[in-house]
Every structure is written in structure tokens, then in C-alpha cells.
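Engineer: In the working numbering, the protein residues as written are 101 to 335.
Put into C-alpha cells, the structure is as follows:
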């Protein structure tokens, strides 16, 4: 098993979260985890509106698309369609992280080209990356707004502090829930990294994810990414 320093920090965070959950006990941790899940449910309803607003009222999507397309042409000197091997070479020359490159190749179909209004592989790449970045940004904004609203209500009602602490098996269950909640936050952090996938920081992060078995497994099974940043999200 390969480890990186980022993987070790992630593992330490998981252990720490389990310990905190154990200390708090099942009831408090169950309510806390429920509030996190409630935030994601809220995001499911709010996010489409935020996503549409960003696409239609800000230059974010267009600027990212044009920037990536220009960068791709400068790096590869290509503008037209190519075969599978040529596509892989284009992605390598652009320095696209392997995990994202695999998804780009997997989704390279006429349906996706039509959806992104792409006439060439370069246009497809730029549209694909712009889409997942905008989807990621809209998710994070929605998550922040919904979480802030829920936290304000729970703080005002002092809900968590009123809950009792129960010992025994309930504390063990609390530890397990703490680990589940930690994984959810790790998935959110990986969404943030995806937004910056074409920056030096993002590429360094993905390099560690690709080398670290645990991080790669967490990224490839990121349910939040599949739900909220897929290429056809909001369609």
C-alpha cells in the first residue's frame, strides 16, 4: 500500500473524527451527522438555481472554457479531432490529472459533444473542464449557504448542547458516525481540489491522490462528486 503525506493527514483526520464522535456519544453525533446530511439534501434543491445563476449571469463558464481551449492549443498545437491514442497524448501534453483524464476519455461520445456544443476534442475538453469547475463552485456556494442557515438555527435553539451523553455501546456508535461524517467532509475537500485541477496546487494534489491507494479509493467513490459535478448535472 502506497502512502503520501496527504494520505497520512487524511487518515489522522478520520481517526480524530472517530475519537471525537466516541467522546460525544451516539445521540449527539447522530444529530450532528443528520444536520450534515440535511445540508446535502438542501443543496440538492438549492444548487440547480445557483448553478443556473452562475452560468447565465457571470462570465465564469465562458472564461474557463476559453482559457482551457487556448491553453490546450498552445500546449498541443492541435485544434481538430483525433483517435484514442491522440486524445490521450493531448491530455498528457496538457498535464490533465490522470483520474480526470480517464473520465474525459470515458465520456467522450457524440452525446456529450452535442451537449457541450463541441466540434473538436479540444473544444470538448475545455467544455468538460469548465462544466465540472462551475458545477463544483455552485455546489460549494450552495453547501455554504445551506450549512450556514442550518447552523444558525441550531445555534439559536441550542439543540446540540441540550442532548444527553450516553456511555457504552452508544459511544462506539458515535465513533463510527464520526468517521462517516469525516468521509463526507473529505469528499467536499476533494471537490474543492477538482475545481483547481488545472492549477499547480491542484495537479500536486491529484498527483498524491493517484499515488495513494486510500485517497484514490476515496476520490473514485466520491458520491458527492457523482451527484453534483457530473458532466450532465442539471440536465
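All residues carry an ideal CB built from backbone N, CA and C; glycine is no exception.
(1) Roughly how many whole angstroms lie between the Cα atoms of residue 243 and residue 154?
(2) Quick one: complete beta strand (DSSP E) runs, 3+ long, within the segment 133-198?
(3) If we ignore side chains and look at the alpha-carbon of each, how far apart do residue 297 and residue 253 end up?
(4) When DSSP labels each residue in this structure, what does residue 320 get in the three-state scheme?
(5) Just to confirm the assignment, what range does the alpha helix (DSSP H) spanning residue 212 have?
(6) Do residue 302 and residue 293 have their CB atoms nearer than 8 Å?
(7) Give me the Cβ distance between residue 232 and residue 104, rounded to the nearest whole Å; I'm assuming they're in contact under 8 Å.
(8) If we ignore side chains and look at the alpha-carbon of each, how far apart do residue 152 and residue 222 end up?
(9) What is the C-beta distance between residue 132 and residue 281, in whole angstroms, given that I count them as a contact (C-beta under 8 Å)?
(10) Taking the alpha carbon of residue 204 as the point to measure from, which residue in 110, 228, 169, 166 has its own alpha carbon closest?
(11) Alpha carbon to alpha carbon, what distance is there between residue 306 and residue 199?
(12) Using the three-state DSSP reduction, which class does residue 103 fall into: helix, strand or coil?
(13) With a floor of 4 residues, list each alpha helix (DSSP H) that falls wholly inside the segment 218-259, ordered by position along the chain.
(14) Anyone know if the C-beta pair for residue 275 and residue 119 falls short of 8 Å?
(15) Can you check whether the CB of residue 176 is closer than 8 Å to the CB of residue 190?
Structural biologist: Judging by the given coordinates:
(1) 15 Å
(2) none
(3) 35 Å
(4) Here residue 320 sits in helix by DSSP.
(5) 210-216
(6) The answer is yes: Cβ separation under 8 Å.
(7) The C-beta distance from residue 232 to residue 104 rounds to 23 Å, too long to fall under 8 Å, and the pair is not in contact.
(8) 24 Å
(9) Right, their Cβ atoms sit about 7 Å apart.
(10) Ranking 110, 228, 169, 166 by Cα distance to residue 204 puts 228 first.
(11) 8 Å
(12) coil
(13) 221-257
(14) yes
(15) yes
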